Structure formats: structure tokens, C-alpha cells
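There are 4 protein chains.
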Amino acid sequence: MTIGSLQQSLASFAAERDWEQFHTPKNLAMALTGECGELVEIFQWLTPDESTTVMDDPVRAARVREEMADVFAYLLRMADVLELDLERALADKIEVNRGKYPAHLARGRADKYTQLGG
Amino acid sequence: MTIGSLQQSLASFAAERDWEQFHTPKNLAMALTGECGELVEIFQWLTPDESTTVMDDPVRAARVREEMADVFAYLLRMADVLELDLERALADKIEVNRGKYPAHLARGRADKYTQLGG
Amino acid sequence: MTIGSLQQSLASFAAERDWEQFHTPKNLAMALTGECGELVEIFQWLTPDESTTVMDDPVRAARVREEMADVFAYLLRMADVLELDLERALADKIEVNRGKYPAHLARGRADKYTQLGG
Amino acid sequence: MTIGSLQQSLASFAAERDWEQFHTPKNLAMALTGECGELVEIFQWLTPDESTTVMDDPVRAARVREEMADVFAYLLRMADVLELDLERALADKIEVNRGKYPAHLARGRADKYTQLGG
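Chains as they are written, first to last, in the numbering used here: chain A, 67 to 184; chain B, 67 to 184; chain C, 67 to 184; chain D, 67 to 184.
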């Protein structure tokens with residue numbers, strides 16, 4: 067399974083149901099957000115420690131897996147509709163962030179790069 | 067660039083900065099949501115039609131690309147921390163959805179599967 | 067019903083169930099986001115025009131009302147826990163925005179204030 | 067400052083700038099979500115304990131106040147556009163939740179009402 071073949075599956079799924087009319091970037095951004103909201107709900111009352119073992123509970127693990135798949139689906143679909151190469155975009159972003167967050171300045175700090183000094 | 071190698075880059079990036087302490091699933095779910103919020107802001111005042119040509123404007127295109135990369139980054143990082151196979155999860159979800167949304171019932175309808183009858 | 071009395075009701079509700087332990091600002095921010103996600107889901111496939119008549123459908127109207135109440139509940143609860151005067155904060159923000167968005171520059175434009183020139 | 071007078075201020079602000087065209091319920095739901103995302107970002111790397119003292123830092127306190135005001139603004143504006151009485155909706159919701167979450171069953175538990183048994 068590659069990103070490209072998953073996007074192809076999602077595109078066929080939409081085309082077979084005449085759903086392309088709904089899949090504008092605006093609507094897909096909303097759908098992505100809605101799925102993120104469902105994912106967040108699973109974690110909202112857990113402590114950070116509890117969240118690290120969430121997959122030990124089969125019921126919760128299945129929900130996490132399903133919601134993350136939904137987020138991924140809308141993200142891939144949106145990238146496809148926008149003709150945006152998501153893997154390339156992320157690889158580029160990681161490079162940019164290497165410059166913004168030098169390891170010796172950012173070590174152990176959750177600050178934004180604008181606050182790192184240097 | 068595969069999902070696995072991007073996850074490896076993100077893991078190294080975090081390890082080099084001693085950021086693993088911040089990357090609990092709970093915190094990553096929040097970060098994912100925050101990035102989705104930034105993505106949605108680009109589209110909030112656009113009409114659906116305007117949203118389909120958002121990539122024609124280089125300034126907006128760069129913002130969309132960057133925010134989608136951020137969403138993707140936190141999604142991949144979260145999957146890695148949870149040891150969850152995102153591509154497998156999505157492939158499985160598409161199969162489940164084929165059963166929930168039969169093409170002949172779902173055609174042209176944006177309803178939830180519970181409302182499709184059949 | 068005032069904001070203060072609603073906050074008092076929400077505080078009692080939480081106290082009676084020993085839920086104060088869960089109501090940290092971090093957790094409440096997550097819960098707020100989760101409810102926003104459910105609200106967005108109602109609107110994601112609607113056109114902007116369809117969204118303006120969403121209250122004509124009694125089933126959808128009830129969902130909108132319920133999700134907006136949930137968003138409001140977590141927002142009020144969070145403000146209460148942070149001892150933040152939400153009405154004062156908003157009144158102040160409106161004043162600030164009068165300066166950022168002069169009517170003669172912002173008329174009919176959905177741009178951020180940094181792009182308004184002047 | 068009451069909800070009604072704040073909504074009146076927000077409506078005038080929009081009318082003076084000819085922004086009513088942008089304020090469809092769909093768009094306002096997106097804007098609300100975007101502001102929630104900015105609020106969540108403040109808390110994403112904080113521990114729950116750190117989040118309880120977020121207002122002790124004047125810089126962070128100002129950001130929290132501003133983002134919560136923005137969330138409140140779009141929630142009030144959306145309720146106004148939908149002609150929905152937010153205070154009544156919340157008061158009703160609290161009553162419904164008293165039935166769903168009996169204190170003796172829900173005490174100290176962050177479970178959904180469907181899991182409370184009883």
C-alpha cells in the first residue's frame with residue numbers, strides 16, 4: 067500500500083458514488099477537522115501517561131485506529147484533489163524545520179522557533 | 067519517500083531535540099488538531115468554488131502545502147508512537163466503508179450510512 | 067440565564083460527579099475542540115446556501131442546537147476554571163478589532179488585517 | 067455586557083464592513099474551529115498541571131484570553147445568524163445531562179453515559 071494507491075482507492079470510492087461534487091477542498095478541510103475532533107475526544111480525559119497505553123485496551127485501540135484512518139483518508143483525498151504531493155511537502159517541511167529548530171537550541175524545549183534565540 | 071522513512075525522519079528529529087517527552091499520544095492529538103485549525107482558516111471565507119482554485123495563488127498554495135505537511139507530520143508521528151500501521155488501517159477502513167455505503171444506495175447523497183436505508 | 071449562573075450550574079454539575087479532577091484547562095480545551103468537530107460535521111457537505119436554512123429541518127436544527135450548547139458549555143467551564151471574564155475579554159477584543167479593521171479599508175474583504183494596507 | 071448586547075456589537079461590526087456575505091453558518095463553523103485550534107496550540111505541550119497555572123504567565127494569559135474571546139465571538143455570531151438562543155440551549159442541555167449522568171453512577175468516572183450502566 068502506497069500513498070498513491072490509497073489515493074486511487076479513495077478517488078474510485080468517491081467516483082462510484084458520485085461524491086466528487088462534495089469533495090471540494092473547503093469541504094474536505096471541514097471533514098478532516100471533524101475526524102480530528104473525534105480522535106481528540108478519545109484522549110480528552112486521559113492523562114498523558116494513560117494516553118501512552120491507550121492501545122492496550124482493545125475497544126479504545128479499535129476506535130483510535132478507525133479515527134486515525136479517517137483523518138488520513140480526508141488528508142489524502144484533499145491532497146489528491148489539490149494535486150499536492152504530500153510526501154514531498156513533508157520532506158521539505160522537515161528540512162525547513164531543521165533550520166528553524168537547531169538541536170542545540172531546541173533541546174528539551176517546547177517553544178516556538180521565534181522564542182529560541184540563538 | 068515512504069511513510070516509514072518519513073516517520074523515521076520525524077522520530078530522529080524529535081530524539082535529537084529531546085522532544086520525545088512531549089510526544090505523548092494525547093499531546094500529539096492536540097497538535098494535530100491545532101494544525102488542522104490552521105488549515106481550515108485558509109478556507110473559511112472562500113466559497114467552495116474558490117477553494118478549488120486555491121493553488122493558483124502562489125502565496126495561498128504555499129500556506130496550504132505547509133499546513134497539510136504539518137497535519138501529515140503529526141498524524142505520522144502519532145501513528146509511530148502508537149505503533150499503528152496507518153496504511154493498513156486506511157485500507158481496512160475503505161473495505162468496511164464499501165459495505166456501509168453501497169454505491170447504488172449512496173450515489174449522490176452525503177448522508178450517513180445509518181440513513182441510507184436499503 | 068446569565069453567563070455567571072450557567073457557569074455556576076456547570077460547576078455544580080461537575081462537583082456533584084467528582085469531575086473537577088478531569089477539568090484541567092488542557093482537557094477542557096480538548097473537549098471544546100471535540101465538540102466543535104461535531105458541529106462542523108453537520109455543515110461539512112452543505113453548500114453555504116444550504117447552511118443558511120439548516121434550522122428549517124427539525125432533526126438538523128436539534129443537532130445544531132445541541133452541539134452549540136456543548137461548545138458553549140466547555141467554553142464557559144474553561145473560562146470559569148481559568149477565572150477569566152469571557153464577556154469582558156470579548157468586549158475588549160471587539161475594541162481592538164475596530165482599530166485593526168477600519169471599516170473603510172475592510173469593507174467587503176475577508177483579508178487579515180495585516181493585508182489591508184491603509 | 068450581556069450575550070444579546072455582545073451579539074449586537076458583533077452584528078454591527080460585520081454590517082459596517084459588509085461582512086455579512088461571509089457569515090454563513092458553514093463559514094462561521096469553520097472560523098470557530100480555526101480559533102479553537104489556536105487555543106489548543108497554547109496547551110498542547112503543557113502537562114495538565116502546568117495548564118492549571120497558565121494564567122500566571124502574563125504573555126500566555128493574554129493569548130488565552132484573546133483566543134477564548136475569538137472562540138466566543140464566532141459562537142455568538144453563529145448563534146445570532148441561526149437565531150438560536152444559546153443560553154436556553156445550554157440550560158436545556160444541562161437538564162438533559164442530569165438524566166444521562168446520574169451523580170451516583172457517574173461519580174469520578176469520565177465515561178460516556180452509554181457506559182454507565184445503572
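Backbone N, C-alpha and C fix where the C-beta goes; we use that ideal spot for every residue, glycine too.
Owing to the predicted nature of the structure, the values given are computational and were not obtained by experimental measurement.
Query raised in the report: Quick check: the segment 149 to 161 of chain B against the segment 151 to 158 of chain C, are there 3 or more CB pairs under 8 angstroms?
Result: no
Query raised in the report: Is B:A145 buried or exposed, if buried means 16 or more other CB atoms sit within 10 Å of its CB?
Result: Here the question's residue 145 of chain B lines up with position 79 in the second sequence. Buried: at least 16 other Cβ atoms inside 10 Å.
Query raised in the report: At least one CB of chain D closer than 8 angstroms to the CB of C:E104: is that the case?
Result: By one-based count along the third sequence, residue 104 of chain C stands at place 38. Answer no: the Cβ-Cβ gap between C:E104 and chain D never drops below 8 angstroms.
Report task. Would you kindly report the start and end of the unbroken alpha helix (DSSP H) that includes D:G100? Result -> The residue labelled residue 100 of chain D in the question sits at position 34 within the fourth sequence. Taken as a continuous stretch (DSSP letters only), the alpha helix (DSSP H) holding D:G100 covers 91 to 109.
Query raised in the report: Where does B:P249 sit, in a helix, a strand or coil, going by DSSP?
Result: Outside the shown range of chain B, which is 67 to 184, sits residue 249 of chain B, and nothing can be said about it.
Query raised in the report: Counting only beta-carbon atoms, is B:P91 nearer than 8 angstroms to chain A?
Result: Counted from its first residue, the second sequence places residue 91 of chain B at position 25. Closer than 8 angstroms: yes.
Query raised in the report: Roughly how many whole angstroms lie between the Cα atoms of A:E101 and B:L141?
Result: Start at 1 with the first residue of the first sequence, and residue 101 of chain A comes out as number 35. Start at 1 with the first residue of the second sequence, and residue 141 of chain B comes out as number 75. C-alpha separation (whole angstroms): 12 angstroms.
Query raised in the report: By DSSP, does A:D146 sit in helix, in strand, or in coil?
Result: Locating residue 146 of chain A in the first sequence gives position 80, counting from the first residue. It is helical.
Query raised in the report: Does the segment 131 to 141 of chain C come close enough to the segment 156 to 165 of chain D that 3 or more CB-CB pairs lie under 8 angstroms?
Result: yes
Query raised in the report: First and last residue of the alpha helix (DSSP H) that includes B:A176?
Result: Against the second sequence, residue 176 of chain B aligns to sequence position 110. Premise fails: B:A176 is in no alpha helix (DSSP H) and is neither H nor E.
Requested in this report: Answer yes or no: the CB of C:D177 versus the heavy atoms of the ligand NAP, is any distance below 7 angstroms?
Outcome: As far as ligands go, the structure on display features none, and thus does not contain the ligand NAP.
**Report entry** chain C residues whose Cβ lies nearer than 9 angstroms to that of A:D96
**Finding:** Reading the first sequence from its first residue, position 30 is the one you call residue 96 of chain A. Before going on, a small fix: residue 96 of chain A reads as Met here, not Asp. Chain C residues near A:M96: V106, E107, F109, Q110, W111.
Query raised in the report: Are A:V130 and A:V120 close, meaning C-beta to C-beta below 8 angstroms?
Result: Here the question's residue 130 of chain A lines up with position 64 in the first sequence. Here the question's residue 120 of chain A lines up with position 54 in the first sequence. In contact: A:V130 and A:V120 (Cβ atoms closer than 8 angstroms).
Query - Through-space distance from D:P91 to C:S117, alpha-carbon basis - result: Indexing the third sequence from 1 puts residue 117 of chain C at position 51. Indexing the fourth sequence from 1 puts residue 91 of chain D at position 25. The alpha-carbon atoms of C:S117 and D:P91 are separated by roughly 6 angstroms.
Query - Where A:Y167 sits in the DSSP three-state scheme - result: Residue 167 of chain A sits at position 101 when you count from the first residue of the first sequence. Three-state DSSP puts A:Y167 in coil, outside helix and strand.
Requested in this report: Starting from D:D123, find everything on chain C with Cβ-Cβ shorter than 9 angstroms and list it in chain order.
Outcome: Position 57 of the fourth sequence holds residue 123 of chain D. In chain order: nothing, as chain C lies at least about 12 angstroms away.
Query raised in the report: Are the segment 167 to 181 of chain A and the segment 80 to 88 of chain B touching, with three or more C-beta to C-beta distances below 8 angstroms?
Result: yes
Query raised in the report: Could you give the residue range of the alpha helix (DSSP H) that holds A:G70?
Result: Numbered from its first residue, the first sequence carries residue 70 of chain A at position 4. Looking at the DSSP string, the run of the alpha helix (DSSP H) that includes A:G70 is 69 to 82.
Query raised in the report: In terms of residue numbering, what span does the alpha helix (DSSP H) encompassing D:T113 cover?
Result: Translated into positions along the fourth sequence, residue 113 of chain D becomes position 47. First-last for D:T113: undefined, no H or E at that position.
Query - Proximity of A:P114 and B:N93 at Cβ, strictly below 8 angstroms - result: For the purposes of this step, residue 114 of chain A is taken as residue 48 along the first sequence, with counting starting at 1. For the purposes of this step, residue 93 of chain B is taken as residue 27 along the second sequence, with counting starting at 1. Yes. Within cutoff.
Requested in this report: Classify D:A169 as buried or exposed, calling it buried when 16 or more other Cβ atoms lie within 10 Å of its own Cβ.
Outcome: Mapped onto the fourth sequence, residue 169 of chain D falls at position 103. Result: exposed.
Requested in this report: Closer than 7 angstroms by beta-carbon distance: list the chain A residues that pair up with D:A176, in chain order.
Outcome: Residue mapping note: residue 176 of chain D aligns to position 110 of the fourth sequence, counting from 1. Those within 7 angstroms of D:A176 in chain A are W111.
Query - Minimum C-alpha distance to C:A127 - residue among D:H89, D:F88, D:D122, D:L148 - result: By 1-based counting over the third sequence, the position of residue 127 of chain C is 61. Looking at the Cα atoms, D:L148 is the closest of the given residues.
Requested in this report: Let me know if C:R143 comes out buried or exposed under the rule of 16 or more other beta-carbons within 10 Å of its beta-carbon.
Outcome: As a first step, residue 143 of chain C is located in the third sequence; it is residue number 77 there, counting from the start. Its Cβ being crowded by 16 or more others within 10 Å, C:R143 is buried.
Query raised in the report: When the Cα of A:R164 is compared with those of B:E86, B:M67, B:I69, B:S75, which residue comes out closest?
Result: As a first step, residue 164 of chain A is located in the first sequence; it is residue number 98 there, counting from the start. It is B:S75.
Query raised in the report: Which class does B:D158 belong to by DSSP, given the choice of helix, strand or coil?
Result: Here residue 158 of chain B refers to the residue found at position 92 of the second sequence. Helix, per DSSP.
Query raised in the report: D:T118 by DSSP, collapsed to three states: which one?
Result: Residue mapping note: residue 118 of chain D aligns to position 52 of the fourth sequence, counting from 1. Of the three classes helix, strand and coil, the one that applies to D:T118 here is helix, per DSSP.
Query raised in the report: Is the Cβ-Cβ distance between D:A97 and B:Q110 less than 8 angstroms?
Result: Position 31 of the fourth sequence, counting from 1, holds the residue named residue 97 of chain D. Position 44 of the second sequence, counting from 1, holds the residue named residue 110 of chain B. Their beta carbons are under 8 angstroms apart, which means D:A97 touches B:Q110 by this criterion.
Report task. Measure the Cβ-Cβ separation of D:E86 and D:E104 and say whether it is below 8 angstroms. Result -> Within the fourth sequence, numbered from 1, the residue matching residue 86 of chain D stands at position 20. Within the fourth sequence, numbered from 1, the residue matching residue 104 of chain D stands at position 38. No, Cβ-Cβ distance for D:E86 and D:E104 is not below 8 angstroms.
Query raised in the report: To the nearest whole angstrom, what separates the beta carbons of B:T99 and C:T99, a pair I think is in contact under 8 angstroms?
Result: In the second sequence, counting from the first residue as 1, residue 99 of chain B sits at position 33. In the third sequence, counting from the first residue as 1, residue 99 of chain C sits at position 33. Indeed they touch by this definition, with Cβ atoms about 5 angstroms apart.
**Report entry** Rounded straight-line distance, which links the Cα of D:L72 to that of A:H89
**Finding:** By one-based count along the first sequence, residue 89 of chain A stands at place 23. By one-based count along the fourth sequence, residue 72 of chain D stands at place 6. Rounded to the nearest angstrom, the two C-alpha atoms are 36 angstroms apart.
Query raised in the report: When burial is assigned at 16 or more other CB atoms within 10 Å of the CB, is B:Y179 buried or exposed?
Result: Taking the first residue of the second sequence as position 1, residue 179 of chain B is located at position 113. With fewer than 16 Cβ atoms within 10 Å of its Cβ, B:Y179 is classed as exposed.
Query raised in the report: So which residues on chain D does B:F138 lean against when the C-beta distance must stay under 7 angstroms?
Result: The residue labelled residue 138 of chain B in the question sits at position 72 within the second sequence. Neighbours of B:F138 on chain D: none; closest Cβ ~16 angstroms, over 7 angstroms.
Report task. Check whether the Cβ of C:T99 lies closer than 8 angstroms to any Cβ atom in chain A. Result -> Residue numbering aside, residue 99 of chain C sits at position 33 when the third sequence is read from its first letter. Yes - at least one Cβ of chain A is within 8 angstroms of the one on C:T99.
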